[in-house]
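S.K.: Here's a structure for you.
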Amino acid sequence: QNGRVVQVLAITDGRADLDTTGDGLADNGADLGVSDAERAHLATLYTPGQSLWRISLTHFSTWDLNWPYGPGPGSVPPRLPPPDTDIPVQSNPETSSDDWGRIEYQNQVLQEAIPIVGTPFRIHYASYRAPGYRAAGRLDIPLSGAEVPASLKEIVLEVRVAGKSSTQHFSPAPNQRTTFTWDGRDGYGRRVQGAQAAQVRIGYVYDAVYQEPAELTRAFGALSGIPVSANRARQEVILWQEHKTTLHAGWVAPDQGLGGWTLSIHHIYDPMGRTLYLGNGQRRGAAGIVYNVINTVAGGGAPPDGLGDGGPATAAALDQPTDVAVGPDGSLYIADFDNNRVRRVAPDGTITTVAGGVQTGPTLCDGRPATPARLSAPTGIDVGPGGSLYIALPYAYLVCRVGPDGRLTAVAGNGNRGRGPWESDGQPATQVALGFPVDVAVAEDGSIYIADLDRHRVFRVGPDGIIITVAGTGQEGFSGDGGPARQAQLDFTPAGGFTWLPFRTGIDVGPDGSLYIADQGNLRIRRVGPDGIITTVAGNGTSKYVDGNPAIESGLWFPHAVAVGQDGSLYIAVRMRNDVYRVGPDGIITTVAGSFSSCIYTSNPPCGDKGPASKAQFNRPYGIALGHNNNLYIADTFNHRVRMIAPPLPALSAGDLFIPSEDGVLIYQFTPGGRHQSTLHALTGAVIYQFGYDTAGRLISVTDGDGNVTTIERDADGKPTAIVGPFGQRTELSLDANGFLASVTNPAGETTTYTYTTDGLLTSATGPRPGTTYTFTYDAVGRLTRAADPEGGFTTLKRTAIQSGHVVSATTALGRTTVYRVERLPNGDERRVTTFPDGTEMELLISKDGTRTIHLPDGMTITTTEGSDPRFGMLVPLPVSTVYETPGGLTRNETFNRTVVLNEPDNPLSLATLTDTSVRNGRVWTTVYDAATRQFTTTSPEGRQDVTVIDTLGRLVRSQTAGLAPVAFTYDARGRLVTTTAGEGAAARVTTFDYGDDAWVDSITDPLGQTTLMTRDLAGRMTGLT
-4 QNGRVVQVLA ITDGRADLDT TGDGLADNGA DLGVSDAERA HLATLYTPGQ
46 SLWRISLTHF STWDLNWPYG PGPGSVPPRL PPPDTDIPVQ SNPETSSDDW
96 GRIEYQNQVL QEAIPIVGTP FRIHYASYRA PGYRAAGRLD IPLSGAEVPA
146 SLKEIVLEVR VAGKSSTQHF SPAPNQRTTF TWDGRDGYGR RVQGAQAAQV
196 RIGYVYDAVY QEPAELTRAF GALSGIPVSA NRARQEVILW QEHKTTLHAG
246 WVAPDQGLGG WTLSIHHIYD PMGRTLYLGN GQRRGAAGIV YNVINTVAGG
296 GAPPDGLGDG GPATAAALDQ PTDVAVGPDG SLYIADFDNN RVRRVAPDGT
346 ITTVAGGVQT GPTLCDGRPA TPARLSAPTG IDVGPGGSLY IALPYAYLVC
396 RVGPDGRLTA VAGNGNRGRG PWESDGQPAT QVALGFPVDV AVAEDGSIYI
446 ADLDRHRVFR VGPDGIIITV AGTGQEGFSG DGGPARQAQL DFTPAGGFTW
496 LPFRTGIDVG PDGSLYIADQ GNLRIRRVGP DGIITTVAGN GTSKYVDGNP
546 AIESGLWFPH AVAVGQDGSL YIAVRMRNDV YRVGPDGIIT TVAGSFSSCI
596 YTSNPPCGDK GPASKAQFNR PYGIALGHNN NLYIADTFNH RVRMIAPPLP
646 ALSAGDLFIP SEDGVLIYQF TPGGRHQSTL HALTGAVIYQ FGYDTAGRLI
696 SVTDGDGNVT TIERDADGKP TAIVGPFGQR TELSLDANGF LASVTNPAGE
746 TTTYTYTTDG LLTSATGPRP GTTYTFTYDA VGRLTRAADP EGGFTTLKRT
796 AIQSGHVVSA TTALGRTTVY RVERLPNGDE RRVTTFPDGT EMELLISKDG
846 TRTIHLPDGM TITTTEGSDP RFGMLVPLPV STVYETPGGL TRNETFNRTV
896 VLNEPDNPLS LATLTDTSVR NGRVWTTVYD AATRQFTTTS PEGRQDVTVI
946 DTLGRLVRSQ TAGLAPVAFT YDARGRLVTT TAGEGAAARV TTFDYGDDAW
996 VDSITDPLGQ TTLMTRDLAG RMTGLT
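Position 610 of the sequence shown, counting from 1, maps to 605 under the working numbering, and the rest follow consecutively.
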């Protein structure tokens, strides 16, 4: 119990008369359990008017009874929005049209390219991959709001990234922001590749003063969570706010061994940042993706034993999963309600039972092995900091723990159902009778929070095993916002009353120690701060939801579960709407999954699986949890599945990663660390390119599907000296003193030269002919600000930050300005507006449900809805619907659908058939690919058919249009086209291609026997035709 200041008022009959409440009247501490013997002893120690500090001791070990120091009245921690990061436009940024050199205007990125003679490849430069490009490692950090506490002495900022720390101090002024720019290196000065986690801490410094307890019966150690540090010598305390974010610093090209350039068909994957860096300078990544994708990760199977333990989780059977939790190793835990067990999905996707398995008998958490054991209908689970599993068992009136030893022990409840008034605060938790404990949440300090549906309360079991009430009076209702949570009313009455099983209401603990409560009967989410004060953070008591509004102004129709992200974002599962929402640190609520409609998986699959999460459908989402990669797991209870929301690109994996090209034609194979191993044909599975590396991991060879090898020659230090094509054409390379590509000399002896800043930003490119120098300049963080050509033309780029976005103005030497505006809308959509020099505009709206709407300057509107590929999901977005509408009201409607048949359901390369169906204003075209024959058959609305056949590498070998002669194509052993034959038999017309030793076509013989001869220079350019 909290200590109490007690005053001796008088001595009567040898016993002290005590005032324990501060009202000046004798009460003798009846509520504190003061005995007559204690009063008699106090009479021998103190005289009337004296006061003392009284505290109850529960054991005889060392106690520290000093009043603690802490921040004074009015001292609050920072409550600021998270830092802004520079998120690049990754999907079709506006660029200049030159394939050799171009500008990404919205990103202010320069790209250059040069062909490698004798190969189909180019090498590419992109300024955002240079060490000097620091925009992606930049954080715009708010330090204070419009008002600051009067007692604030100083603001401290700490940023930690890649083991490197930075600390800055600021005055206690309002409306302050600062910029932190990471240099791309770790604490040892080594360059770091790819996305890196960053921790940002803002500290408010106050003078330390004596503290009173919070509004709790036992306040010592309770509701810890706000990070606090102190300086005893200066008697100061610092209250911290922590943010965790990711710096998408890119993949620095110099480390790939081509002088800061990359080979066009050689890619890199960053599994931490989920970003694919293409060799042609482009990128696809989670940071620039508006929508996330949903997939089933457990359940939906029909195994012979009804469970499927030991096999893939997606082939297992679940029965009304009510809650999910994620362990320290990334394992997913599932409360499998009607199977009376808790299941674990290991990081490799294998599912097992970790608690339960016995279907009859009492539930006893008495130290026995957790499996097999009786576990009656678990409804809530959580995983503690040490990896222990905590389980809420409402029908056994227990909360139990599975420790690292695999044994089941009780942490709260005595196995009897508690009824009547609650009078057990301050008692050992295992000796009290709980009512109906439906959820459990574990704080970083090991405290256990329990939602009791019967009692409309939330309890806390401290590390000492003592239980206290932290929220709720026991009387259902709504009251108490702004006051002590113990005096507030909660309403845990489920939707529909106590008629729909299973019953549940969710709780979670935030990174600052705040407790979040799904107060479902009140249609609200409540927050109990570390000071014990309760407030509403989402919901207004109605069921009318409004996307993109402040969360406290939007309705919530029976919120059932809540989860808190490391950045303070709040995720809410709303049972009656079948939706999941997010409340950002800015307090705005948006939909992350669901479309306000239910779906029964068994009768209407796939309920949105493999598509945008905002178009998914659920059948009563009861539980949610956030994973380590910020993946969101949802217990889709009555669909008997657990589903995951994540960016389309994969995260870290123990095995190789396979990522399709955006058009679905190729598949890129990467090692778990992101090294490109090979490129496969997506229809045939054949290897198109195989990549070879030296012992230092530098690219040294590319072998195509015909065995042609392109070699990168290197000196003893690993520096590239030449790229040699399969037929001997040699392109010489040289590097400057800083290791960047200085010159490229083709086989004809023509040299292109480049210069850079010391950190790799390209400042000039000069072609082989005189007077062909292009120059470039950049700002302090590496964004392109000016590009000039040899004729005196130039473009300047000026960037302006706006709320949730930026504007780039591009002005030419003629004074013509084009303005590019990019912004994230409150509901999560992205809007891009291009204003042309004549004042006309083009707008692109990218919605998180996969819809893209383009408004063209001429008034035409094109609306495209993207759907998922049946093999690759949203990694290959398909235009399932496109509507063209003219200013005059005319429309053209197109739909597209793809279906596949796989020989092995989980193997996208085991293709049997693929069928594409296109409908344009009611007219139907179909294309069927038969994998066995590698044949495409396209049927028009009139029934005419075109047939084409490809070889294993995807090359055309036969084509025939209905009513016309077929055309056949043959290739030599090096993959070169040698004949085309139109027609068959005696009517066949054959064209022949012959090649010289350099692999260039040197003659073509037509069907009439006429031969055309060609001569070429050393760079392959035609110089003569006979």
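Every residue, glycine too, gets a C-beta built ideally from N, C-alpha and C.
DSSP three-state label for alanine 368, please.
M.R.: Coil.
S.K.: Rounded to the nearest angstrom, what separates glutamate 210 and valine 523 at their Cα positions?
M.R.: Here the model assigns glutamate 210 a pLDDT of 49, short of 50, so the residue's position is not dependable, and the following value carries that caveat. Distance between the alpha carbons of glutamate 210 and valine 523 is about 11 Å.
S.K.: Is DSSP giving serine 656 helix, strand or coil here?
M.R.: coil
S.K.: Helix or strand or just coil, what does DSSP make of glycine 179?
M.R.: In the structure shown, the three-state DSSP call for glycine 179 is coil.
S.K.: Compare the C-alpha of alanine 293 against each of Leu518, Asn517 and Ala311 and name the closest.
M.R.: Ala311
S.K.: Using 10 angstroms around the beta-carbon of glutamine 354, count the other beta-carbons present and answer buried if the total reaches 16, otherwise exposed.
M.R.: Result: exposed.
S.K.: Would you call threonine 943 buried or exposed, if buried means 16 or more other Cβ atoms sit within 10 Å of its Cβ?
M.R.: For threonine 943, the number of other beta carbons within 10 angstroms of its own is at least 16, and it is reported as buried.
S.K.: Who are the Cβ neighbours of asparagine 335 in its own chain at under 7 Å, not counting the five residues just before and after it?
M.R.: Gly351, Gln354, Leu370, Ser371 and Ala372
S.K.: Mapping the DSSP letters down to three states, classify lysine 1022 as helix, strand or coil.
M.R.: For residue 1022 there is no data in the structure shown, the boundaries of the chain being -4 and 1021.
S.K.: How big is the Cα-Cα spacing for glycine 356 and valine 896?
M.R.: 47 Å
S.K.: What's the C-alpha gap between arginine 918 and asparagine 614?
M.R.: 36 Å
S.K.: Quick check: the Cα distance between asparagine 1024 and histidine 801, rounded to an integer number of angstroms?
M.R.: Look at the range of the chain in this structure, -4 to 1021, and you will see that residue 1024 is not part of it.
S.K.: Beta carbon of alanine 438, beta carbon of alanine 466: below 9 Å?
M.R.: no
S.K.: Figure out for me which residue from Gly823, Arg(-1) and Gly381 has the closest Cα to the Cα of alanine 588.
M.R.: Gly823
S.K.: If you draw a straight line from the alpha carbon of histidine 623 to that of glutamate 657, how long is it in whole angstroms?
M.R.: 27 Å
S.K.: By the DSSP assignment, the beta strand (DSSP E) with threonine 943 in it spans what residues?
M.R.: Unbroken beta strand (DSSP E) run through threonine 943: 940 to 945.
S.K.: For threonine 42, count the other beta carbons within 10 Å of its own beta carbon; 16 or more makes it buried, fewer makes it exposed. Which is it?
M.R.: Label assigned to threonine 42: exposed.
S.K.: Assuming contact is defined by CB atoms lying nearer than 9 Å, are proline 342 and proline 645 in contact in what I supplied?
M.R.: no
S.K.: Three-state secondary structure (DSSP) at phenylalanine 332?
M.R.: helix
S.K.: Contact check, serine 1058 vs alanine 611 under 8 Å by CB: the rounded distance?
M.R.: Limits of the chain in this structure are -4 at one end and 1021 at the other, which puts residue 1058 out of reach.
S.K.: Using 9 Å as the threshold, is the C-beta distance between threonine 829 and tyrosine 815 below it?
M.R.: yes
S.K.: With a 10 Å radius around its C-beta and 16 neighbouring C-beta atoms as the bar for buried, classify alanine 145 as buried or exposed.
M.R.: exposed
S.K.: Specify, as a first and last residue, the run of the alpha helix (DSSP H) that glutamate 33 falls within.
M.R.: 31 to 40
S.K.: Rounded to whole angstroms, how far is the Cβ of alanine 190 from the Cβ of threonine 270, which I believe are closer than 8 Å?
M.R.: 7 Å
S.K.: To the nearest angstrom, how far is it from the Cα of aspartate 992 to the Cα of glycine 723?
M.R.: 9 Å
S.K.: So, helix, strand or coil for phenylalanine 591, using DSSP?
M.R.: coil
S.K.: Look at the alpha carbon of valine 378 and the alpha carbon of valine 321, and state the distance between them as a whole number of angstroms.
M.R.: 7 Å
S.K.: Output yes or no for whether 9 Å exceeds the beta carbon distance between arginine 414 and alanine 428.
M.R.: Closer than 9 Å, so yes.
S.K.: Pick from Asp581, Gly970, Arg969 and Ile945: whose alpha carbon is nearest that of alanine 963?
M.R.: Ile945
S.K.: On the three-pair Cβ rule with 8 Å, is the region 190 to 206 touching the region 154 to 162?
M.R.: yes
S.K.: Give me the Cα-Cα distance between glutamate 453 and alanine 446, rounded to the nearest whole angstrom.
M.R.: According to the sequence displayed, residue 453 carries valine and not glutamate. Rounded to the nearest angstrom, the two C-alpha atoms are 5 Å apart.
S.K.: Would you tell me roughly how many angstroms separate the C-alpha atoms of threonine 176 and threonine 80, rounded to the nearest one?
M.R.: 10 Å
S.K.: Taking tyrosine 100 as part of the beta strand (DSSP E), name the residues at either end of that continuous run.
M.R.: Looking at the DSSP string, tyrosine 100 is not in any beta strand (DSSP E), and its letter there is neither H nor E.
S.K.: Which value, in whole angstroms, describes the spacing of the CA atoms of asparagine 451 and glycine 305?
M.R.: It should be pointed out that residue 451 corresponds to histidine in this sequence rather than to asparagine. Cα-Cα distance, rounded: 39 Å.
S.K.: Just to confirm my understanding: we take alanine 737, look at its own chain, exclude 5 residues before and 5 after, and list those with CB closer than 7 Å. What are they?
M.R.: Ser729, Leu730, Asp731, Thr748 and Tyr749
S.K.: For the 8 Å Cβ check, are there 3 or more pairs between the region 115 to 122 and the region 852 to 863?
M.R.: Because the criterion of three Cβ pairs below 8 Å is not met, the region 115 to 122 and the region 852 to 863 do not touch.
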